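Residue numbers (this note's numbering): 12 to 572. Where is the CB? At the ideal position from N, CA and C, for every residue including glycine. Note that the coordinates shown come from a computational prediction; the quantities given were computed from them, not determined experimentally.
Right under this line is the structure:
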């Protein structure tokens with residue numbers, strides 16, 4: 012986005028006139044309201060946000076800190092004054108080969124009642140906004156100074172930024188900023204690693220015991236008995252295939268975009284748009300895996316001998332790869348329709364809707380369809396497990412027999428609360444840092460490395476929880492039908508409940524929102540994000556449990572033979 016401010020590298024401009032603005036009465040009232048709400052203006056140069064500068068009061072170590080943004084104006088008594096002059100100090104660092112990089116963008120706003128620049132003078136009148144006038148003329152000016160910064164280079168230019176919560180109402184530092192956030196991040200990762208290790212040990216113990224028992228005596232193995240009664244065609248299998256196909260697409264998108272962004276695009280605020288473009292591109296490519304995996308799951312759980320028609324393959328594969336974009340577009344359209352009447356700057360432009368719709372029609376649908384058609388001809392699991400599938404007594408869920416009583420801790424909603432404990436321990440602290448970036452109005456690029464590591468640990472834990480929970484469920488109830496739905500819903504809804512509770516807590520206790528637009532947007536978009544995470548967790552859990560059960564059956568069948 013371009014502006015009317017003229018910046019020429021290395022050229023100082025003590026006083027430049029931007030424009031003269033005639034403000035109508037409604038704009039004056041709106042500006043007064045924004046100033047009284049402490050509205051913060053955000054500018055960006057070379058991916059670096061315009062910042063308000065603070066100096067620590069420690070006389071032995073006077074250190075400079077930055078807070079992103081600068082105030083639109085200030086309030087004195089009952090009057091609001093607009094900052095119509097800005098003094099910009101742009102700091103640069105000399106890199107190798109006589110190249111320069113921007114490492115600081117300091118803005119010092121002032122309110123001046125004429126078209127002259129105040130310079131270092133303090134004896135000037137301020138521009139008061141008067142709501143009683145039908146019109147008011149405002150002069151906008153600016154000054155630009157370039158300063159070389161020899162100590163801070165491009166890779167370390169974000170280290171001076173601090174959390175705005177460390178600044179009091181008078182603009183004073185409440186405490187000396189530290190690197191506690193990084194320390195907490197590492198403690199969070201260690202905590203996640205401990206949880207993942209514990210769950211891994213439990214899963215390894217279960218796998219080891221049951222593989223040994225299956226090899227020693229297939230007929231006496233408890234899991235062999237479980238597996239013989241677990242090859243059922245679940246109810247609403249096409250819907251389950253759609254959801255898990257979308258989950259596979261999300262797993263691929265989140266991990267691939269997160270890893271690539273953390274490696275190549277995390278050093279600049281300007282890379283936010285590049286990260287978004289990369290994520291959309293990977294999401295479209297992930298439609299192939301969505302269509303492929305959904306058809307594989309459909310064939311795996313279908314009644315043996317059942318032929319999958321081309322039209323059914325086309326419908327399920329295309330929907331599984333495009334359902335997320337279509338639902339996301341529908342929700343965003345509804346949200347933007349509701350906030351458009353309030354002239355909210357957060358509403359999405361129509362051109363963006365059109366671009367997403369074109370991507371949906373001309374790219375997402377064909378790629379998903381290709382993945383499904385290839386999957387129809389390529390049997391990834393059924394060929395590998397053909398012998399075990401032929402020997403297993405396959406039963407339809409509609410023909411189920413009497414089922415033993417399930418323990419209380421394996422029933423809804425108790426099972427969801429228990430299963431979600433370990434994943435919640437991993438995502439809770441990282442979600443706290445994500446919401447802190449909303450409070451500090453900072454981009455989340457510096458969090459990408461930690462988020463990717465936490466996502467990998469979360470994926471490992473969900474894979475193991477899927478195995479453990481399904482094993483215990485089938486062990487306690489060997490004639491359990493629709494266990495696929497039980498695993499998927501428990502592992503997805505459980506973590507969704509914890510994440511949604513965290514989001515509501517942040518909204519009610521931490522985020523300072525006014526009016527109805529901001530809370531509504533926060534609830535809508537956080538719910539979408541929580542649903543995405545929940546869907547990926549449920550998909551990982553179901554696929555891991557399925558592969559585990561079928562692997563046990565394969566070993567048991569070979570032992571019998």
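For residue 332 and residue 382, which I take to be in contact (beta-carbon distance under 8 Å), what is that distance rounded to the nearest angstrom?
7 Å
Under the three-state reduction of DSSP, which class applies to residue 108: helix, strand or coil?
helix
Which residues does DSSP list as the beta-bridge partners of residue 30?
151
Give me the residue from 506, 535, 343 and 468 with the minimum Cα distance to residue 428.
506
Thinking residue 263 and residue 297 are a contact (beta carbons under 8 Å), I'd like their distance in whole angstroms, please.
4 Å
To which residues does DSSP link residue 64 through a beta bridge?
77
If we call anything under 9 Å between Cβ atoms a contact, is residue 81 one with residue 100?
no
What does the Cβ neighbour count give for residue 161, buried or exposed, with the cut at 16 atoms within 10 Å?
exposed
If residue 530 and residue 473 are in contact, beta carbons under 8 Å, what's the gap, nearest whole angstrom?
That pair is no contact at about 30 Å.
Hey, how far is the Cα of residue 244 from the Cα of residue 220?
28 Å
Does DSSP classify residue 466 as helix, strand or coil?
helix
Classify residue 310 as buried or exposed, calling it buried when 16 or more other Cβ atoms lie within 10 Å of its own Cβ.
buried
Which whole-angstrom value describes the C-beta separation of residue 432 and residue 477, a residue pair presumed to lie in contact below a C-beta threshold of 8 Å?
With a Cβ gap of about 15 Å, residue 432 and residue 477 do not count as contacting.
Please classify residue 121: is it buried, with 16 or more other beta-carbons within 10 angstroms of its beta-carbon, or exposed?
buried
So who's on the other strand from residue 99, going by DSSP bridges?
118 and 155
Residue 92 by DSSP, collapsed to three states: which one?
strand
Are there 16 or more other CB atoms within 10 angstroms of the CB of residue 442, so buried, or fewer, so exposed?
buried
Roughly how many angstroms separate the alpha carbons of residue 319 and residue 247, rounded to a whole number?
15 Å
Whole-angstrom distance between residue 20 and residue 168, CA atom to CA atom:
18 Å
Rounded to whole angstroms, what's the CA-CA distance from residue 58 to residue 308? Just pull it up for me.
44 Å
Hey, would you say residue 117 sits closer than 9 Å to residue 152, going by beta carbons?
no
Would the segment 139-153 count as touching the segment 33-46 if we require 3 or more Cβ pairs under 8 Å?
yes
Whole-Å CB distance - residue 126 paired with residue 32, under 8 Å assumed:
So it is not a contact: roughly 11 Å between Cβ atoms.
Inspect the beta-carbon positions of residue 335 and residue 543 and report whether they are closer than 9 Å.
yes
Does the beta-carbon distance from residue 313 to residue 379 come in below 9 Å?
no
On the DSSP bridge list, what partners appear for residue 113?
103
Quick one: give me the first and last residue of the alpha helix (DSSP H) that residue 36 is part of.
36-47
Express the C-alpha separation of residue 496 and residue 555 in angstroms, rounding to a whole number.
14 Å
Helix, strand or coil for residue 24 per DSSP?
strand
Pick out whichever of 108, 540, 545 and 375 has its Cα sitting closest to the Cα of residue 292.
375
Per-residue DSSP class, three states only, for residue 173
coil
Nearest candidate by alpha-carbon position, reference residue 339, set 165, 299, 538 and 98:
538
So, are the CB atoms of residue 43 and residue 91 less than 9 Å apart?
yes
For the candidate residues 104, 362, 201 and 461, whose alpha-carbon lies nearest to that of residue 273?
461
Along the chain, where does the alpha helix (DSSP H) containing residue 388 start, and where does it finish?
376-388
Span of the alpha helix (DSSP H), counted from its first residue to its last, around residue 425
425-430
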